[in-house]
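One line per chain: the protein sequences are A and B, in this order. Going by our numbering, the first sequence opens with residue 113, and the numbers climb by one from there. Going by our numbering, the second sequence opens with residue 4, and the numbers climb by one from there. In this text, a Cβ means the ideal position worked out from N, Cα and C, and glycines have one as well. Small disclaimer: the values here were computed from a predicted structure and weren't measured.
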Amino acid sequence: MKEIAVTTELARQHGLSGEEVDRIGKVLGRDPNFTELGIFSVMWSEHCSYKSSRVHLKKFPTKGPRVLQGPGENAGIVDIGEGLAVAFKMESHNHPSCIEPYLGAATGVGGILRDIFTMGARPIALLDSLRFGRIDHPRTRVLVDGVVSGIAGYGNCIGVPTVGGEVTFDECYDGNILVNVFALGVVRHDRIFRGTASGVGNPILCVGSKTGRDGIHGATMASEELDDQSEEKRPTVQVGDPFTGKLLLEACLELMKTDAIVGIQDMGAAGLTSASFEMASRAGTGFFMDLDRVPQREEKMTPYELMLSESQERMLIVAKKGREREVHKIFEKWDLDFSVIGEVTGDGVGRIRMGGRTVAEIPIVAVTDDAPVYNRPAARPEGQDALQRLDFSALPFPSDLSETWKRIMGCPEMADKRWVYRQYDHMIRTNTLVLPGSDAAVLRVKGTGRGIALSVDCNSRYGFLDPYVGGMLAVCEAARNVACSGAEPIGVTDCLNFGNPEMPEIMWQFRSAIEGMAKACEAFQVPVVSGNVSFYNETKGKGIHPTPTVAMVGLLEDVSTRLVQWFREEGDLILLAGADRNAVELGGSLYLNEIHGKVSGTPPEADPAHEARLCGFLRAAASKRLLSSAHDLAEGGLACALAEASVTRPAGPMGARISNPFPESIRADFAMFSENQGRALLSCPPEKKAALLATAAEFRITMKELGVVGGSAIEIEGIVQVEAQEMKTAWAGGLAGALGFGG
Amino acid sequence: MKIAVLVFPGSNCDHDAYHALRHVLGLDAHFVWHKEDRLSGFDAVVVPGGFTYGDYLRTGAMAKLSPVMGAVRRFAEAGGPVIGICNGFQILLEAGILPGAMIANESLKFICDTIYIKSETSTGPFTHEIPSKSVLRIPIAHYQGNYYADRETLALLESNEQVVFRYCDASGNVSTEANPNGSVANIAGICNSGRNVLGMMPHPERCSEEDMGSADGRRLFASMIRWLEEKGR
């Protein structure tokens, strides 16, 4: 085997800067060989090392009384009581999905599920946050179909329900779609496993699928901008096999019922390299591995390829010495490959051999702790002020408000997502009590009376206009959604999708968004326990809007107090919580974008302290069973929240008549669509009104009674009226129709 | 009552069936690994849904070769009640225990939804407590649920009243609009000529509790319990 010479040019092709190459020489005390260069390049890639984001990620609150595992592991873990906890994480699979939508999305699902069950948790739910380019972009239809099929293909087969998420469309994602996948599992406190390689002499096992050449340099690809040549990188997209994923899931959970193992980690991005070095790093140990013993599916693989392959459905396990047979028997039962490939050593060095010779020898800290950390320059973009300028009064008044209302309800962003979630098995495992289509999905936790509420949110128009406020509002909206289902927000995971961090403007967006998110999390006293950063979301120099996607996990101590967003009983009163928030806030609104073709102005005011009180109120009202429904006000403001509370009702739309809570001086279209935050549309039986108002007063939430549920029309008195069935038709057909997929 | 819930590589509704039988109906349910070749001591068998062997080949084509399927065949021939749900139905078709075949949904998309079915017969262990022409609200979740049988087989199924369930609307009308996947004659479930083996695409185990939005599925299992009790008397 002829060793490839390491040159500066080769290092550059690996995505390493000249400075970084010098750094490798320094930490190694010599020049790296080709295999070692590969190892450094993936471990020091943005995707694995978080070198540009680390200094800012520290700003997140990560601790709290419920936190059993914060960031730094395969997933975060939060206590839910009764000796149980939930493990959850969200991850991006943007670049692979842009290049090969089906496999990119499918392996995104597979990867995040492995992160959950490596912690010992049984996965019970998936969510996806999907962002595509404008609906009439020539690639959008193909990408939507591919990504949705890919998520369905993996999730349905492995048997974990996809219970919610978001699907939006914006020109800024034309060349760089976003596919963020969230997974959550349930684990007993005493069954939590971690990715640690402790105990000198313990055997290291490679289990699951055989290793092939697929996915080599996936982590590096995820750390670059996309360009015309990206299509040529198709071979770096991994191939998913949900059936093997299912076998691996069951085998690992069966194995974890024994006490035969000390640590386990998914071979995800950067494959065997990251699994081995990270596990040794966490334990402060070293390792020896013989690559000839790695089960291989292709011939003549080199050490470089074996270390960097991102073949899916593989796990690295450190077992207790002498217990290998027990482990082997379980993997044999599930027809999975199993091989002892090395052992834990005590000298802090990773030694890798193949063909009888040492092919790499690197101190663990050199690739982990010694990875570069950048505090990259940040600068507010010059055009930001101009972007925020907006003269409301110049906006033309719509000629027909009811048509405008229907048009917004039927636009791809607002329209019914049934075409999407009907392709996902969202019921399997029989825990989904609130199915997709409400503010948050609610799942029961079997064997307890408890429930978990889940929501994933981000309005990237807000983030584009003001990333600090956008970051705050992403957290606030996710918390509000969870609270509208009656749950207490208990933990956050995120996917921070941004452009090229080497540009000061992008770094400014990133830093501002994190600071905003951190501020909101502090107000809710909700920790960020896991997450992921995805930079370089640009094509040909054009970046996406800053998109800090937030997934919020909520807890219902009594799942029978759960709420849905739709009206349930004729004669129920309709009330607005947060009714004092009645200035015109149209910056970055859906109305402005959809009807007037503008993304400008300043986003709505964020008041995390108010939002935290609102969430406390909603939860209290739910637990006292005072409410029939609760719906968050978000995109499209009051008018769209009202319409949604009517048309999303599974048994058929229900009419409602409300008064206009805004001052009379405010234009009718602005009152309908102003996106003031911190509000919720509630319905309750008339006899519960007094108790509801008293509860609101305790939380200092301003309430206004607006009207009554019932009749065949949805109406804002004196402004607009549409038949509920007509609104439902506009909303239900909007997405599939625009994509040309039919019903 | 001891009930077997089979587990093949890739079964994924096995836990749901087990939960419904053991925790909701209080039965003595047990998982049975596909490499077992005996089902002695069991009163009924559930072949659960899932993606056995990933459905990479025809659905059920691999699972039918598992040792446990020999035992299922013997159990069925001896008159024991067997219910195949979703992928379980597909396996029973591939194994030739039930007639016909499955093809991809007309839409060529996976469909997960809650739909309605109408019972066409009230004989057999799973339906004898459900009056004929009852409408059940029940979930479906499949990609290959488009039931097909040739004309002769179909005529035989109809004349023997082996069609157990048909897709319908909320008021019980069997129509093209109410057919979610294109199945011939709106067929959602059939039984064998002995009437003790039922195959159906919808998931009764997913709607066995009020909390799940419908408890109509429990009626099939309650039926099975009564049938077994009466047989034992």
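Would you identify the three-state DSSP class for residue i, choosing helix, strand or coil?
i	result
G52 (chain B)	coil
N15 (chain B)	coil
Y151 (chain B)	strand
L239 (chain A)	strand
G559 (chain A)	coil
L201 (chain B)	strand
V676 (chain A)	coil
D719 (chain A)	coil
A382 (chain A)	coil
G748 (chain A)	coil
L101 (chain B)	coil
F294 (chain A)	strand
V834 (chain A)	strand
L730 (chain A)	helix
R234 (chain A)	strand
A565 (chain A)	strand
Q496 (chain A)	helix
I778 (chain A)	coil
C633 (chain A)	helix
Please report the straight-line C-alpha distance between residue i and residue j, rounded to a whole angstrom.
i	j	result
V48 (chain B)	I193 (chain B)	16 Å
W36 (chain B)	K358 (chain A)	15 Å
P765 (chain A)	D326 (chain A)	49 Å
S164 (chain A)	V133 (chain A)	17 Å
S824 (chain A)	E838 (chain A)	10 Å
F399 (chain A)	G460 (chain A)	7 Å
A233 (chain A)	Q181 (chain A)	13 Å
V139 (chain A)	N487 (chain A)	20 Å
E747 (chain A)	A586 (chain A)	12 Å
D447 (chain A)	G271 (chain A)	19 Å
G468 (chain A)	R405 (chain A)	12 Å
I136 (chain A)	H126 (chain A)	13 Å
A753 (chain A)	L675 (chain A)	15 Å
R426 (chain A)	G82 (chain B)	44 Å
Look up residue i in the DSSP assignment and give the residues it is bridged to.
i	result
V820 (chain A)	A:L685 and A:R769
S741 (chain A)	A:S795
D512 (chain A)	None, per the DSSP bridge assignment.
W36 (chain B)	B:V10
R463 (chain A)	A:F400 and A:E473
R140 (chain B)	B:Y119
T323 (chain A)	A:Q408
R169 (chain B)	B:K121 and B:I190
R856 (chain A)	Nothing can be reported for residue 856 (chain A), as the shown portion of chain A is limited to 113 through 855.
H3 (chain B)	Chain B is shown only over 4 to 236; residue 3 (chain B) falls outside these bounds and no answer can be derived.
P660 (chain A)	A:L608
Apart from the five residues on each side of it in sequence, which residues of its chain come closer than 7 Å, Cβ to Cβ, to residue i?
i	result
V532 (chain A)	V260 and V279
Y285 (chain A)	R243, F244, G245 and I656
A751 (chain A)	W517, M784, F785 and I828
A733 (chain A)	L739, L804 and T807
E109 (chain B)	N149, N184 and G185
R725 (chain A)	F811, R812 and I813
G324 (chain A)	R409, E410, S421 and S423
N612 (chain A)	E337, I618, F647, Y648, E650 and G655
H743 (chain A)	D551, C596, Q677, A753, E756, A757, A792 and L793
I'd like the list of long-range same chain contacts for residue i, defined as Cβ closer than 8 Å, with 5 residues on each side in sequence excluded.
i	result
R76 (chain B)	A98 and I100
E141 (chain B)	Checking the sequence, you will find Ile at residue 141 (chain B) rather than Glu. Hits under 8 Å: T117, I118, Y119, I120, P205, H206, P207, R209, C210, S217, D219 and G220.
A472 (chain A)	N145, T147, E148, I151, P415, M419, G462, R463 and I464
E180 (chain B)	D172
I6 (chain B)	L24, L30, D31, A32, H33, F45, D46, A47, V48 and V49
Excluding five sequence neighbours on each side, which residues of the same chain lie with their C-beta closer than 6 Å to the C-beta of residue i?
i	result
I116 (chain A)	F146
C269 (chain A)	P354
M113 (chain A)	Low confidence applies to M113 (chain A): its pLDDT is 49, below 50, so where it sits in the model is not reliable enough to give any reading.
Checklist entry - Contact between the region 839 to 852 of chain A and the region 704 to 721 of chain A: three or more CB pairs below 8 Å? => result no
Next on the checklist: Taking contact to mean 3 or more Cβ pairs, one atom from each stretch, closer than 8 Å, check whether the region 768 to 784 of chain A and the region 571 to 580 of chain A are in contact.
Outcome noted: no
Checklist entry - Do the region 189 to 200 of chain A and the region 500 to 517 of chain A meet, that is, are 3 or more Cβ pairs less than 8 Å apart? => result no
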